[in-house]
Amino acid sequence: MKRLLPILLLALCVSVHAQSRRVAPNSAPTPAEIAPIAEMTVKQMFDEVNGYSRAKFTEYQLKKVPYTDALLAKTKLEQRQLAAKYATLTGGRKELSTDDLYYVGMLHWIAENLDGTTQYLGKFATAEGAPIERAQTARSIVVVVLAKQKKLAEAEKALAEYNAKEPTKTTERARMGTELAKAYQIERNFAKMAPHAVAGYEAAKALLKDSTSRARGLEEIMDAGMLVFEAYSDAGDQTKAEAALDDFRQTGIDTGSVSLYYYAVDRKFKYMVDTGRKPAATAFYQSVMNAIATDFSDKAVQNEIKTRLKKRERHYALLGLSAPEMPAVDQWFPGKPRTFSDMRGKVILLDFWATWCQPCFEAFPSLIEWHQDFKGDGLEILGVTRYYGEVNGLSSDEQNEALFLKGFRDRERLPYDFVVARGQAIQNLFGATALPTAVLIDRKGIVRYIETGTSSSRLSELRSMIIKLLAEK
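Quick note: the sequence shown uses the working numbering, first residue 166, plus one each step.
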């Protein structure tokens, strides 16, 4: 964690990245608060807000407050609330200079008030005497906001105005392309999505060549590269979709990035299986394993990629094939034991978990929600675990551990059935050696999805896959 905090501090200044939802001021400013604020310039307000998270995490570090995701979320919320308060106060000022327009717009941007952002930054960009570089930044943010608001004709016009002027920044071009691609993806307009996705991806690749922006480039390129792939795959163009993944993999080679290389290979294998080409996918996997030694000269990198891919071999073997029946289980409650054949016609989600696995707990709210939302459509969730010989860190026999699991299910209000096994046979069968692991089986009994880990992006991906499989009849 000591190594994480300095990196985090560098990332906490405001930018055009990661805006998602509007907030209101935490409370209306009191007269006592307004008096000293009235003496502040708008830039001073912006500087305070912009440095808020950095200052707070420096304070936390000095006080040895441990970092948590909840602490980060709380701090960012406080920052947005402060921005919203200052934006409200500045709105009451009778005269705003050209510079003031920019900083008021940025306050609205941090507060995630999209209408206020376009209002003030739009005025600033066209104001006489506006610094050229900042005017371009303002235009780029306006493009992003309009894309988020699905005002795509206006966003295209604003993008054309940005492109007609100088200077342009690679970071800005990457974000504009990505946001427009996402907006068109929601509308399923893949013809318009593709060129924006490509523009964002090419800009993100350019960021990787600049050592000062490499970290941001790696973050941007993962998102942008997948958008290019999805633009073509969703449009049914297999050739261009695979070419996008091949280029993504080549970028991993060029940059020495294990993550990019692995992700491109993994995604292509799954795509080939999804499009009914399991033998070709298997041949592709073998060709990659043979090529790693020539793709990378660094032995450590070679070994890391091979290790990550080999961990997926059991998953790859199962994808696209009929799900093997689970070996005999010891407990199945509160329902009665069933086979996958019994559940044919349903979409089955196997959630491999354990009571000692904290990331497993993080998925519970989503699992409860999906059970409530999709059970009527044919979703069947099974929480699969095994005896570990302990309860709350103390040794236990199977009878008491089973009682504990039943009580645990009730306390956590988990509405789906638990399956409890002896030994690791079921886990090994599905390659669930790391927890949590999610397996999706479609209505025809075919394994369609196997992934390990819990994160917001993983849960979002899993939800999307559930919806996709439920739509298949």
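Backbone N, C-alpha and C define an ideal beta-carbon position, used for all residues, glycine too.
Sub-7 Å separation of residue i and residue j beta-carbons
i: residue 426; j: residue 414; result: yes
i: residue 326; j: residue 305; result: no
i: residue 374; j: residue 410; result: no
i: residue 290; j: residue 303; result: yes
i: residue 525; j: residue 580; result: no
i: residue 585; j: residue 496; result: yes
i: residue 252; j: residue 279; result: no
i: residue 515; j: residue 484; result: no
i: residue 320; j: residue 346; result: no
i: residue 221; j: residue 240; result: yes
i: residue 563; j: residue 556; result: no
i: residue 383; j: residue 335; result: no
i: residue 617; j: residue 636; result: no
i: residue 281; j: residue 307; result: no
i: residue 349; j: residue 341; result: no
i: residue 365; j: residue 339; result: yes
i: residue 244; j: residue 217; result: yes
i: residue 423; j: residue 470; result: yes
i: residue 504; j: residue 490; result: yes
i: residue 333; j: residue 294; result: no
i: residue 624; j: residue 531; result: yes
i: residue 297; j: residue 254; result: no
i: residue 248; j: residue 214; result: yes
i: residue 578; j: residue 510; result: no
Residue i - partner residues in DSSP beta bridges
i: residue 619; result: According to DSSP, residue 619 bridges with nothing at all.
i: residue 497; result: 584
i: residue 602; result: 517, 617
i: residue 612; result: 606
Exposure of residue i, with buried meaning 16 or more beta-carbon neighbours within 10 Å
i: residue 385; result: buried
i: residue 309; result: buried
i: residue 518; result: buried
i: residue 500; result: exposed
i: residue 206; result: exposed
i: residue 604; result: buried
i: residue 344; result: buried
i: residue 568; result: exposed
i: residue 265; result: buried
i: residue 448; result: exposed
i: residue 634; result: buried
i: residue 545; result: buried
i: residue 212; result: exposed
i: residue 267; result: buried
i: residue 559; result: exposed
i: residue 535; result: buried
i: residue 606; result: buried
i: residue 646; result: The structure shown does not extend to residue 646, since the chain is modelled only from 166 through 638, so no value can be given for it.
i: residue 230; result: exposed
i: residue 227; result: exposed
i: residue 576; result: exposed
i: residue 450; result: buried
i: residue 417; result: buried
i: residue 421; result: exposed
i: residue 300; result: buried
i: residue 274; result: buried
Cβ distance (whole Å) where residue i is taken to contact residue j below 8 Å
i: residue 596; j: residue 487; result: Between residue 487 and residue 596 the Cβ distance is about 16 Å, and since that is not below 8 Å, they are no contact.
i: residue 512; j: residue 543; result: 6 Å
i: residue 571; j: residue 498; result: 6 Å
i: residue 445; j: residue 454; result: The pair is not a contact, with the Cβ atoms about 15 Å apart (cut-off 8 Å).
i: residue 311; j: residue 323; result: 6 Å
i: residue 631; j: residue 539; result: 6 Å
i: residue 615; j: residue 549; result: Actually they do not touch by this definition, with Cβ atoms about 13 Å apart.
i: residue 369; j: residue 389; result: 4 Å
i: residue 587; j: residue 613; result: The Cβ separation is near 28 Å, so there is no contact.
i: residue 403; j: residue 459; result: That pair is no contact at about 26 Å.
i: residue 355; j: residue 400; result: 4 Å
Inset, instruction - Can you check the region 520 to 599 for any alpha helix (DSSP H) of at least 4 residues that lies completely inside it and give the ranges in chain order? - result: 523 to 527, 529 to 539, 563 to 576, 590 to 594
Inset, instruction - Would you mind listing the alpha helix (DSSP H) stretches within the region 194 to 279 that are 4+ residues and don't spill past its ends, in chain order? - result: 196 to 203, 207 to 215, 217 to 227, 234 to 255, 263 to 276
Legend entry - 3-residue-minimum beta strand (DSSP E) runs that sit fully inside the region 433 to 513, ordered along the chain: 496 to 498
Inset, instruction - Jot down the residue ranges of each uninterrupted alpha helix (DSSP H) in the region 391 to 433, minimum 4 residues, whole runs only, in chain order. - result: Listed in chain order, the complete alpha helix (DSSP H) runs (minimum 4 residues) inside the region 391 to 433 are 403 to 420.
Legend entry - Inside the region 347 to 384 only - alpha helix (DSSP H) runs reaching at least 4 residues: Along the region 347 to 384, the alpha helix (DSSP H) occurs as fully enclosed runs of 4 or more residues at 355 to 373, listed in sequence order.
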